[in-house]
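Residue numbers (the working numbering), protein chains in the order written: chain A, 1 to 271; chain B, 1001 to 1271; chain C, 2001 to 2328; chain D, 3001 to 3486; chain E, 4001 to 4444.
Quick reminder that beta carbons are idealized off the backbone N, C-alpha and C, glycines included.
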Amino acid sequence: MNMLTEAATEKALERKMSEINYKMVGKDVSVYYGDKRALFDVNLGVRNNTVTALIGPSGCGKSTFLRCLNRMNDTIANAKVTGKITLDGQDIHDPDIDVVELRARVGMVFQKPNPFPKSIYENVAYGPRIHGLARGKSDLDQIVESSLQKAGLWAEVKDRLHEAGTGLSGGQQQRLCIARAVAVSPEVILMDEPCSALDPIATAKVEELIHELRTNYSIVIVTHSMQQAARVSQRTAMFHLGHLVEEDDTDKMFTNPNDQRTQDYIMGRFG
Amino acid sequence: MNMLTEAATEKALERKMSEINYKMVGKDVSVYYGDKRALFDVNLGVRNNTVTALIGPSGCGKSTFLRCLNRMNDTIANAKVTGKITLDGQDIHDPDIDVVELRARVGMVFQKPNPFPKSIYENVAYGPRIHGLARGKSDLDQIVESSLQKAGLWAEVKDRLHEAGTGLSGGQQQRLCIARAVAVSPEVILMDEPCSALDPIATAKVEELIHELRTNYSIVIVTHSMQQAARVSQRTAMFHLGHLVEEDDTDKMFTNPNDQRTQDYIMGRFG
Amino acid sequence: GAAAARDQIQIAGSSTVLPYASIVAEAFGENFDHPTPVVESGGSGAGRKKLCEGVGENTIDIANSSSRISQSDIDTCKANGVNEIQEVRIGYDGIVFASDINGPEYKFTPADWHAALASKVVKDGQLVDNPNKNWSDIRSDLPDQPILAFIPGTKHGTREVFDEKVILTGCEENGTMEALKAANNGDEDAAEDACMDLRTDGVSVDIDGDYTETLSRIDANKNGIGVFGLSFYQNNTDKLRVATMGGVEPSVETIASGEYPVSRPLYFYVKNAHLDVIPGLQEYVEFFVSDDMAGPNGPLAAYGLVSDPELAKTQEAVKNRTPMGPLN
Amino acid sequence: MSVGSIVLVVLVLAVVGYVLGRRRALSTSAATGTRLHSLPGYYGQTVALFVAVPALLVLAAWLFAQPILIENRVRGMIPDSVIPEGGARSLVMADVRNIAGGLDAVLRRDALNEDALVNGNLDFSNVRVRLADVGVALGSDVPREVFDAAVTYRQSAKYGSIGMTVVVLAIALALGAWSLMRIKPKLRARNVSENFIQALLIASSTIAILTTVGIIFSLVFETANFFRMYPASEFFFSTVWNPQFRGGSDLGIIPLLWGTLYVSFVALLVAVPIGLMIAIYLADYAGSRLRSFAKPAIEILAGIPTIVYGLFALITVGPFLRDWIAQPMGLGNSSSSVLTAGLVMGVMIIPFVSSLSDDIINAVPQAMRDGSFALGATQSETIKKVILPAALPGIVGAILLAASRAIGETMIVVLGAGAAARLDLNPFEAMTTITVKIVSQLTGDTEFASPETLVAFALGLTLFVFTLALNVLALYIVRKYREQYE
Amino acid sequence: MTDAIAATQGKAALSGDARTRRRHAAERRFRMMGLLAVALGVLALVGLLFSILSSGLSSFRQTYVTMDIYLDPGILDKAGNRNPEDLAKVTTFGYAPLIKNSLAKAMNDKGFNSQLEAGPAAELVSAEAPAILRRYVLNNPDQIGETVEFNLLASGRIDGYYKGRVTMASAELDRNISPEQLQLADELKEAGILTTRFNWDFLTAPDASDTRPEAAGVGVAILGSAYMMLIVLALSLPIGVAASIYLEEFAPQNWFTDLIEVNIANLAAVPSIVFGILGLAAFINFAGLPQSAPIVGGLVLALMTLPTIIIATRAALKAVPPSIRSAALGVGASKMQAIFHHVVPLAMPGILTGTIIGLAQALGETAPLLLIGMVAFVRDYPAAPPEGFFDPASALPVQVYNWTQRGDPAFVERASGAIIVLLVFLLLMNLIAIILRRRFERRW
Ligand SMILES: Nc1ncnc2c1ncn2[C@@H]1O[C@H](COP(=O)(O)OP(=O)(O)OP(=O)(O)O)[C@@H](O)[C@H]1O
Ligand SMILES: Nc1ncnc2c1ncn2[C@@H]1O[C@H](COP(=O)(O)OP(=O)(O)OP(=O)(O)O)[C@@H](O)[C@H]1O
Ligand SMILES: [Mg+2]
Ligand SMILES: [Mg+2]
Ligand SMILES: O=P([O-])([O-])[O-]
């Protein structure tokens, strides 16, 4: 049955691809960690000005897929990625493509907050600096402030910008990493459970940010909260054991999914 | 107003203390990171066979308080803890007290999963080994299996027990750390957002575990999910900007809190 | 590539000759318009090797040597285009035996040393493994003190002199030679080699370092007797008591006269091809063997070099740049 | 222009190139309204690198080649007749170079111009005296031919250096201009300069390989010579090391190898536990005051000249071990022993273990420690079971470095363990090591082309191969037990 | 039930069971062992420093003879024409009588009761003195015939007398000095002719021959060592760090990089003298660089230091958590930027440690210098760099090595003095690295 569904999904996707405005498309993406296969021929597109939510049980390959999109899997020694992934129609594994540029265009917030052991200011300013986004000190200050504000962290840290980013609370670190990613204004933002350590209000701020960003950018977000997926995303993709179970409009997914597994997962019925 | 409420809370607490069966009691606990004060005279008790939930906006001092309870703040160079904390009536800062013993009895799951760079098996077996809890290899195997099972990870990792714990997905690492903490059977378990990276089903597993553990132990859990707090805890404490706003029966807190701030927070109305 | 022109003399070789060479170099620098020569130490063998590496500015001009150059070195020189070398004998190095100043006095003969250190000695007419533990086991009038000798290691030229002039002579004197010859079916070479075979039970300790090491070892083992150069001993007469050999006390005079038997000539070898190229080289060579320096009243003799009775001949040869003939 | 000023000019050009490149990048991007691919600084960097690196490489090559070429040319000008008997052309060339060097000064002092020299009008008489006047000493008078050769030499060198200046600066300017013209917003300047830098990184890592090749080359020929004179089987399998001054030596490596292993083993036995404990204590127990004092202080141990350790071994430790341990226990009465040298050497290499390990232990993330503490582990359990395994690769590296130092040490062994090659288990006996014998055979009185001296090369090469095998083993062990955090 | 638990466990928390006590005992033992190890290390250092200082500090003081010397034209300028060329013909041997005569005169004038002849009395003055006089006279020919005050070194034995090395008792046995000479020295001291004071010359003077320990200094050696260290630092630090970065961060993992890795570790195990053999073959014989020159020494030592720095740097780079790299790459930094902006600064303590240890080793090394001709008697100062890199020079460890081999016991003190200079040199050199390292140290 799996096979059938997948085949169907694939065909559907191919049909759509000609009509729909895709920012990124993954075709037959598989990932191996050493001998272990973690993703199985995933076909999934990221649309322009759309928030795509990835859902699925823990360990199903959501982060793995996310890392494929900006080639962060390159940095894992024993990881191997096959299949084709395009950004604006261009193969991101093409030798011509500059992986640095790719990552500047496709930003990422990691699942585990990983601030640099530098000051809060430097954490956020680093990206704009290396990309030459600021014309001067005040410009940079401006970017840092607005990024922190977007991530809902400004109020808490504005008096301690020059203290270490590693001395923040878990949730604050998470928002710092969001601010850091937003500061370079990427075209696509990959967020791996960006609100996992956040309280409802902070979560609302981030969701607001996502909403705001969507007008210009594409966003992929991994989340375990069905509510959040329903709130922020327009498209939802469901993963299970390394397979893409289905992908559809969020409304459709949460009301009338095609696949039994999706339904079970959303109803909290398996695992 | 703050002051008044606090004074009231304190008195109430003192009155209760004589009647109620407290496992741990914090009295006037304050924490400073360098010059910065992160906790302000918190008075909070942890009852026997009870799950206490700590809630409050990000950065309000939940983790800080949690770390006070098993003196993990000792390991932060510039952190200073004042006030008195007792475990079974004994001051845990007493020079006579053995911090190692304390931590063996008061286990902790950290906010950021931190598996050891060892195999999954060794991660779980580490605690029982140093405490001499297993009589032999098979005994240890038994402990490892049951701990992983309790954390809902066994099915996913039983075939790869001897692969590195650091090669797990974010949610898997989190459950590994729970299994690791449970394996030494502490009397009090402090859990700092143990389900932040978990899908609903895995979350349910962990909540079940918490429920189970409560029959013998005391549990303190930090969570950002009001639903979770309502589901698992009997008592809830609300923190804000380093202050303990109020602490009460969970039912009461979620239906009829004393403090406006609590109400606002629970309703998702400030931050 | 080529380096800039070199204007100082380069000398390498024996550490035994080094003190004398540096005394001369220092005086040369003070009295001539040339820079002070650079005197390397690295051992006679290494010095001769460097000398024979070829001609040219990045090879040395002079090799100091505490033993005579060998035919194989001369051949190497020839092969590398170093055709003419002058052999200059600068004097003699006395080799003395000395022990801690507070210990007993020793009057040795070469035979005593052979009996003390050889691996096989004659005892009651039989050739046996050396049983002697104390000096008094050898001769009753020697002090009753355990035998412990610090002798130069096999890489030192001094060791050769010690082997030949003390051990071998002693071997002949105390009759072990005869016994060994008989044991080797009359083969003289084999007997000689056997004579010079030393015991390996820790009684004779090879010193690979220098005389200061020997002195320190005597400091650490008050029973020890060490082999020193005369000049070193003369600088440390307050710490060392020198032993007589065959009844003669070592001194510049007794060695010059040949009374004291253990000594060896010291040399340096000059690359003639460099004489007109390296400024000051000829002057240095002449200055070295001048009476002012190497004569019996010069600073070298004062420091312990036994001056060569035939110094005048050497001065003449140096002036004429007479290259050395074939080895005899 | 002198080499120094050429280098200086090139560097100045590079700086100018940087500024121009940066400015041009900014202006073209402003003019065309396209975003720059890279930071403007990278555009400057590409220009600077193109200006400096090739030009300086050409300069280096030129400096290497020019004297060889000129020398070959001038060499030919010297007739055999003026080469003194027993001398060599290369020595005459020394005169040529000297004269050439002195001519400038002569011209300057006599206020002459080049023409006189070139046209052969310069007064040849008394060259030696006149050169001496300007401070250039010649060994003897020189014949006319040599003088002419010197003049030619000087001219060629002069034209050569003019040529060099022109070529180098031309390259710098041309490449600078080219890379400047190339700048447009689309140019991937960061990639260009990063590739440049990566090439430099690769070049740096090949130096280690070149060094190895160099070492093998400088040992292998003499080693071959040695084995031509001395049977290899004797060298590798004989248990007797007994070189003779006159030849007929026994040169078995086994007792030396044994001594090397034994002494190094004792030294590591001292240094590894002490060094590791120091590292652990400083990283995890000590306060920052003690740490900031003790770490550099202990590092001084690595900088004290080994002769001090040697004398300490000879005068203090050796007699102490002999009088208080060896003699009472009947284990011998040698004051130099493996134990003496090992102990003292162990002290010397402590900092290799302690300082490097300390840095590595310090780098293990705090989260690892927290994880262990929270399970009720004591600090020592945490260190032993979590920190050390995580820091293993670095610690093994540190220990290897210490072992390497122990193997390479001479002075302490000579003074502490003696010079006698012996195959013995008793640590209170004198023994010696391969390195000691390499030094002593190489610097001795024996003639060079004898097995007694050449054996030094064979010893060196054997030791090289032997330590290589040990290192392969170490790498294998590290790979097997490595634990990567995160 | 809870009360029961509380009661039993309350007790447990205080004292712990037998197992916990054992664990605590182990903990205490471990901690004590650590402290003991640090104490041992520091103690060894203190012991060694004490022995060095106690035998070497005296070399920074020196006994001088201040006396008027009559520059006798009868000796110095027999022709009487003050022609520099003729004046230069008088060698230092000719100047010795001036000192003898002037000293005899001084003794006479001041009415000393020493019965010493002029010859033995003049032995109180260093053999260096005539050279000083000669240099003075050649520079100031017009002073011939005048009486000039000179500040001359006392001979080594006299100097040793005031430092406690030579005693009346040892002088009895010493053939280089007699008790009478010591008595005369005491009289001269009384008269203010002999003075002992700080000895700058030790730091600035070149080496001297065996007959003049009192004149020997470490000036040339300091320059030589400084030149070499300059070269070592300029080459081995950047090359070592660059190589480590390539191998650790860029190189693909394959047999070839394994080979390089093993190879570098193995280079560290190559005895230093073998590097000397390499230096002789590669730099002197092949590249034609001059003998005894700091450039060659520096190159050889740089090659020798390289493995140390590479091994330390690689270990430090390895220890930086991968999450830092991911974080940087995630915001679009290139690998090069991630490494240079984040990883290298975090690895800095290890890099600096490698540098400190590597330089310490390079600074103290003699064996490789033996083969490239730097273990030598060198009296002329090398010129300023860069030309000076090609001039002959000695080095501090070489000076120590040479002086410990000399016969005159006065050199023992000089050798220890040179070791002190070497250690101070080392400390100064490492100071910046030590301070930097402290600033870069951080936990994460
Ligand atoms: N190591 C530290 N050094 C300095 N300040 C710190 C440190 N750890 C935490 N803080 C500060 O103390 C305050 C409380 O932090 P804490 O980690 O207890 O928050 P929290 O309630 O756990 O928040 P979250 O829900 O985001 O994890 C925050 O303002 C935080 O920035
Ligand atoms: N570096 C790695 N080495 C080996 N296996 C890995 C590695 N990273 C992830 N895996 C495995 O690949 C599978 C997918 O992991 P991934 O991190 O993509 O899961 P996830 O969907 O993000 O889960 P979670 O919600 O828990 O973060 C898991 O089984 C995990 O154990
Ligand atoms: Mg994940
Ligand atoms: Mg927290
Ligand atoms: O250094 P020597 O050759 O004289 O032993």
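- When the five nearest sequence neighbours on each side are left out, the beta carbons in the same chain lying within less than 7 Å of the beta carbon of A4315/E are those of G4350, in order along the chain.
- Between the stretch 4077–4087 of chain E and the stretch 4152–4165 of chain E, the count of C-beta pairs closer than 8 Å stays below three; the two stretches do not touch.
- Taking 9 Å as the cut-off, the beta carbon of H224/A is found no closer than this to the beta carbon of V42/A.
- Set against 8 Å, the gap from the CB of L4370/E to the closest heavy atom of ligand 5 is not smaller.
- Against N3191/D, the close residues of chain A are D98, in the order they occur along the chain (beta-carbon pairs closer than 7 Å).
- Counting along the chain, the unbroken alpha helix (DSSP H) around G3044/D starts and ends at P3040 to M3077.
- Within the DSSP secondary-structure output, E247/A pairs in a beta bridge with A237/A.
- Of all C-beta pairs linking the stretch 4347–4365 of chain E to the stretch 3283–3292 of chain D, fewer than three are shorter than 8 Å, placing the two stretches out of contact.
- The residues P4307, in chain order, have a CB closer than 6 Å to that of L4267/E in the same chain once the five nearest residues on each side in sequence are set aside.
- Taking C-alpha positions only, G2013/C is separated from S2065/C by approximately 6 Å.
- Counting only runs of at least 3 residues, the stretch 1091–1161 of chain B fully encloses the following beta strand (DSSP E) elements, listed from N- to C-terminal order: 1106–1109.
- Chain-ordered, the residues whose CB falls short of 7 Å from any heavy atom of ligand 4 come out as S169/A, G170/A, G171/A, A197/A, K1062/B, S1063/B, Q1111/B, D1192/B, E1193/B and V1222/B.
- Not one heavy atom of ligand 2 sits closer than 8 Å to the Cβ of S4054/E.
- Interface residue (Cβ-Cβ distance to chain B less than 9 Å): Y32/A is not classified as such.
- Under the three-state reduction of DSSP, R2006/C is assigned to coil, being neither helix nor strand.
- In the displayed model, D1028/B falls within a strand according to three-state DSSP.
- Exposure of V3166/D is indicated by the presence of fewer than 16 other C-beta atoms within 10 angstroms of its C-beta.
- Taking the Cβ of Y265/A as the reference point, every heavy atom of ligand 2 lies at 8 Å or farther away.
- Shown here, I85/A sits in a strand according to DSSP, grouped into three states.
- For Q4291/E, the three-state secondary structure derived from DSSP is coil.
- Taking 9 Å as the cut-off, the Cβ atoms of I3280/D and M3348/D do not count as close.
- Residue range A2149 to P2152 is occupied by the beta strand (DSSP E) that includes P2152/C.
- For L4223/E, the enclosing alpha helix (DSSP H) begins and ends at G4219 to I4245.
- For K1150/B, no CB of chain D lies under 9 Å from its own CB, so it is not counted at the interface with that chain.
- Ranked by Cα distance from Q234/A, the options K27/A, T52/A, I20/A and Y32/A are led by T52/A.
- Looking at the DSSP output, I2062/C sits in a beta bridge with I2011/C and V2270/C.
- Relative to ligand 5, the beta carbon of G2043/C is positioned inside 8 Å of a heavy atom.
- The continuous beta strand (DSSP E) containing L54/A extends over residues V51 to I55.
- Going by DSSP, L2281/C is part of the alpha helix (DSSP H) stretching over L2281 to V2289.
- Assigned with DSSP and collapsed to three states, G3248/D falls in coil, not helix or strand.
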